[in-house]
Every structure is written in structure tokens, then in C-alpha cells.
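J.: Residue numbers are given in our numbering: position 58 of the sequence shown equals residue 61, and the series is strictly consecutive.
No residue lacks a Cβ here, since even glycine has one placed at the ideal position from N, Cα and C.
Just so it is clear, the structure is predicted and the values come from calculations on it, not from any experiment.
Just passing along the structure, written as C-alpha cells.
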Amino acid sequence: MSELSRTTGEHAGAPLWAEDAPALELPVLRDELTADVCVVGLGGSGLSCVRELRRAGVSVIGVDAGSVGGGAAGRNGGFLLAGIAAFHHDATSVHGRERATRAWRLTLAELERIAGETPEAVRRTGSLRIAIDDEELADCEAQRAAMHVDGLPVERYVGPEGRGLLFPRDASFQPLLRCRMLAREASAAGARLFERSKATRIGEGEVVTAKGRVRAGAIVVAVDGGLERVLPELAERVRTVQLQMLGTAPAADVDYPRPVYSRYGLDYWQQLPDRRIVLGGFRDVGGEEEWTHDARPTPRVQRALEQCLRERVKTRAPITHRWAAPVSFSTDGMPVVEQVRPRVWAAGAYSGTGNVVGALCGRAVAQLVTQGTSDLLL
Ligand SMILES: Cc1cc2nc3c(=O)[nH]c(=O)nc-3n(C[C@H](O)[C@H](O)[C@H](O)COP(=O)(O)OP(=O)(O)OC[C@H]3O[C@@H](n4cnc5c(N)ncnc54)[C@H](O)[C@@H]3O)c2cc1C
4 MSELSRTTGE
14 HAGAPLWAED
24 APALELPVLR
34 DELTADVCVV
44 GLGGSGLSCV
54 RELRRAGVSV
64 IGVDAGSVGG
74 GAAGRNGGFL
84 LAGIAAFHHD
94 ATSVHGRERA
104 TRAWRLTLAE
114 LERIAGETPE
124 AVRRTGSLRI
134 AIDDEELADC
144 EAQRAAMHVD
154 GLPVERYVGP
164 EGRGLLFPRD
174 ASFQPLLRCR
184 MLAREASAAG
194 ARLFERSKAT
204 RIGEGEVVTA
214 KGRVRAGAIV
224 VAVDGGLERV
234 LPELAERVRT
244 VQLQMLGTAP
254 AADVDYPRPV
264 YSRYGLDYWQ
274 QLPDRRIVLG
284 GFRDVGGEEE
294 WTHDARPTPR
304 VQRALEQCLR
314 ERVKTRAPIT
324 HRWAAPVSFS
334 TDGMPVVEQV
344 RPRVWAAGAY
354 SGTGNVVGAL
364 CGRAVAQLVT
374 QGTSDLLL
């Protein structure tokens, strides 16, 4: 029988990350305030944007509908991967070698920056892509060859996890801890941040919330999941889907020193320093039902995750957490970083891989707003 019904009610829906990220409580926006820039969305991307804006010396107000890191940014798998969502050889064939390689290099530099900025939240582990069968192993080889030609760091891998590729420069992080660290640092640097303050209207130079209003010279919408709802003009190119995860009690029966992703990146897991496992994926098993804004664990995907946990990850550790969050995919596989209305910019649609790319795009949009140009665009 599925363990779904036996997950403690207390943890159902809450990410495992919430347990060891010191709490953060920010006020609700209740006034009419003015700033140079208003950032809507305080996940990793929005907070990266806030940081870059503060460094440029502009005044910033940030608002979030829920809490800092309460979306995908604090509820994800904790992988810090260089590159965009598509593997390098696939990215090369769609976007060209130059653009794909530039994207890889920019994200690698961003990953280094993230590690330097919040070292307490980051572990330099490398990551593994493990093939599920011979066909995927051949695809790993094609990826390795394309990366090798372009001078990008990758090695063949054979080990207890299986066969595939090792990316020595990738890392793992505690995503919610990082978000809260960035929010604390931004507040200390003078940014005014508000939680439970959903932007209900975004007009030219104005963000309206239920109890307040911000007038700003520029507005940045840094929202991944649900981007096309906040900015309906992006609905043709952006679509929201939920991704699901589970977490376990410490798993003494297995040892995974590095984050692993498999089945062409659809499934992923890692073991934390306290030996707990976080495992996500199987979006494809959920089918059309997963293309929703109303993120919550579903029996179908959670059963597939459980099966993977027992048969592939091979641990018997009890499941303690199950959670989900929305992200958005773009039709061309590249993130949206652009001006969408007069004085309104958007950053989002990271196609499931937004921890590093989102931070980069958050900084890129900050540069677009303050300088009119950015050298961080993918
Ligand atoms: C289960 C799961 C696993 C994942 N694993 C990985 C991984 O291992 N590696 C990786 O690179 N990526 C991963 N991702 C993707 C990655 O988490 C996201 O792409 C990234 O975190 C997006 O961050 P963000 O700050 O851009 O957006 P979000 O996290 O979506 O944050 C946007 C914020 O905006 C707020 N908001 C929304 N609408 C409004 C509004 N109207 N007014 C005010 N605020 C609003 C939300 O409350 C939210 O806090 C995963 C995602 C999920 C869900």
C-alpha cells in the first residue's frame, strides 16, 4: 500500500527545508510608499534583483504575495547546476553553440557568486547525471562530447549510482536558508521588504496591494510559477506547471555524496549532510493534471516518487515530508528577461532549472532597469 496516507499531517505540504532555516517575519504593506524600483516576488530571483539594485544605489521596495522563498525558490530540490534547462548538446542545436556556451559560462560564474555570497547555504559537491538505460547513456556521451569541444567542465562517471556524467563544478544548497539570508541582508542594506502583500494591480509606475500601494519609477516582476497570470501578455509563451518532492528521515542505509539526476533530468535526488533524502520528479507521470497553478502533492506523482525512493534510491527511510510548488516553462526553453510594459520588466520562466539561472536573470533585469543594458543576458 502507498505510504501517502501515512506521511505525518504536520509536514504534508511544508518543505523539509523549513526545518533548519531560521524563521523570518516581514511586515504587510499598509501604506503608500515611493521607491526608485518595486520588485514583485521575493524568491531567489527577486532577492538577487533587490541586491543588485541596492548595490547600484537605487531605493527598492519588494513585495511578496506569501512569504520570502515561499514559492519554488524555497521549495525546490536544492541543485545548483550550471547551464540552462536543456543539456548542452540540445541547447547547442536549438540556440547555437555560441549562445549555449555563453549561457553555460555565465551560469557557472553565477554559481560561484552564489557560493561566495551565502557560503553557509552551499555545498560544493559536483553533481551527477546518471543514465537510466543504454539509450540515455549514449545521450550522456553526446552531451559530454559537446561540452568537451566547448571547453566546459564534465567527466565520464561510473560508480555506485550508475553510469553517466560528473559535473565537478556544480553544487547543492539549502534554498530556503539562502532566500532568508538574502532578505535579511537586503533589509539591513535599506531595502523595504513586505510579505503577505500580493500585487493585485501592476500599472505604469504603480503596484497596488490589498492594503497598500507603491509608486516606483520601474517595476520588476520576478515571479517564476504563475508569471503568465501576473503578466497576461506573456501567456502565449509561458505556462505554469507544478513540481513535486518528498523528503525522508535520515537514511543510514544509503550514501549519496552528490546530487543525482536521471531520466533526462526528470527525476532528481540528493542526500543532505544529516543523511535525509530529498527526491523530486515524475512530472510526466502526472500528465496534464500537473499543469496547474494550484500546487499540491498528488497521489499519482507521489506514488511514483515512493517507488523511485524504494527501488532506485534504495532506502527504507520513512517519508516525513511531501510538497509541491509551481514553476513556469517558456516555449523556446530560454528564460523571459525583458520589458513587457512601459516601466514594467519581467524575469521568470526558467523551465524547471531556476536556482542559478534565476539569480542571474534577477541581476540582469536589475542592470536593464538601472543601465538600460546588461552583460548578463543569456
Ligand atoms: C519541486 C521543485 C524542484 C526544483 N528543483 C530545482 C533544482 O534542484 N535546481 C534548480 O535550478 N531549479 C529547481 N527548481 C526550479 C526553481 O526552484 C525555480 O525556477 C526558482 O526557484 C524560481 O525562483 P524565483 O524567485 O524566480 O520564483 P518563485 O520561487 O516562483 O518566487 C516568486 C515569488 O513571487 C511571489 N508572487 C507571485 N505572484 C505574486 C504577486 N501577484 N504579488 C506579489 N508576489 C507574488 C510568490 O509568492 C513567490 O514567493 C525546482 C522547482 C520545484 C518546484
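Just mark residue 151 as buried or exposed, buried being the case when its beta carbon has 16 or more other beta carbons within 10 Å.
T.: exposed
J.: Report the rounded CA-to-CA distance for residue 235 versus residue 301, giving the unit in angstroms.
T.: Straight-line measurement puts the Cα of residue 301 at about 27 Å from the Cα of residue 235.
J.: Tell me, please, whether the region 343–358 touches the region 48–58 by the rule of three or more beta-carbon pairs shorter than 8 Å.
T.: Cβ pair count under 8 Å is three or more, so yes.
J.: Please report the Cβ distance between residue 2 and residue 80, rounded to the nearest whole angstrom; I am assuming they are in contact, meaning their Cβ atoms lie under 8 Å.
T.: Outside the displayed range of the chain (4 to 381) lies residue 2, so it cannot be described from this structure.
J.: I'd like the list of long-range same chain contacts for residue 192, defined as Cβ closer than 7 Å, with 5 residues on each side in sequence excluded.
T.: 57
J.: Let me know the secondary structure DSSP gives residue 122 once reduced to three states.
T.: helix
J.: Indicate the three-state DSSP secondary structure (helix, strand or coil) for residue 383 in the structure shown.
T.: Lying before the first or after the last residue shown, residue 383 is absent from the chain, which here runs from 4 to 381.
J.: Which residues does DSSP pair with residue 272 in a beta bridge?
T.: Bridge partners of residue 272: 263, 282.
J.: Looking at residue 92: is its Cβ nearer than 8 Å to the Cβ of residue 134?
T.: The answer is no: Cβ separation not under 8 Å.
J.: For residue 13, which residues from the same chain have a beta carbon less than 7 Å from its beta carbon, with the 5 sequence-adjacent residues on both sides left out?
T.: Any reading at residue 13 must be qualified, since the residue scores a pLDDT of 41, below 50, and its modelled position is unreliable; the value itself is stated next. Cβ within range, chain order: n/a, list empty.
J.: Sort 366, 153, 375, 41 by Cα distance to residue 196 and report the nearest one.
T.: 41
J.: What residue range does the alpha helix (DSSP H) around residue 184 cover?
T.: From DSSP, the alpha helix (DSSP H) with residue 184 extends over 178–191.
J.: How long is the line joining the alpha carbons of residue 9 and residue 295, rounded to whole angstroms?
T.: Low local confidence applies: a pLDDT of 48 at residue 9 is under 50, so the model's placement there is unreliable, and no value is given.
J.: Whose C-alpha, out of 64, 36, 376, is nearest the C-alpha of residue 410?
T.: Because the chain here runs from 4 to 381, residue 410 falls outside it and cannot be looked at.
J.: With residue 251 as the anchor, note down where its beta strand (DSSP E) starts and where it stops.
T.: 241–251
J.: Extract the residue ranges of the beta strand (DSSP E) inside the region 14–57, only unbroken runs of 3 or more that lie entirely within it.
T.: 35–43
J.: Leaving out the 5 sequence neighbours to the left and right, which residues in its chain are closer than 6 Å to residue 4 when beta-carbon positions are compared?
T.: Caution is warranted here: a pLDDT of 36 is assigned to residue 4, below 50, making its placement in the model unreliable, and the coordinate value is therefore given only provisionally. Closer than 6 Å at Cβ, skipping near neighbours: no residue.
J.: Can you tell me the Cα-Cα spacing of residue 367 and residue 319, whole angstroms?
T.: 44 Å
J.: Measuring from the CB of residue 248, is there a heavy atom of ligand 1 at a distance below 7 Å?
T.: yes
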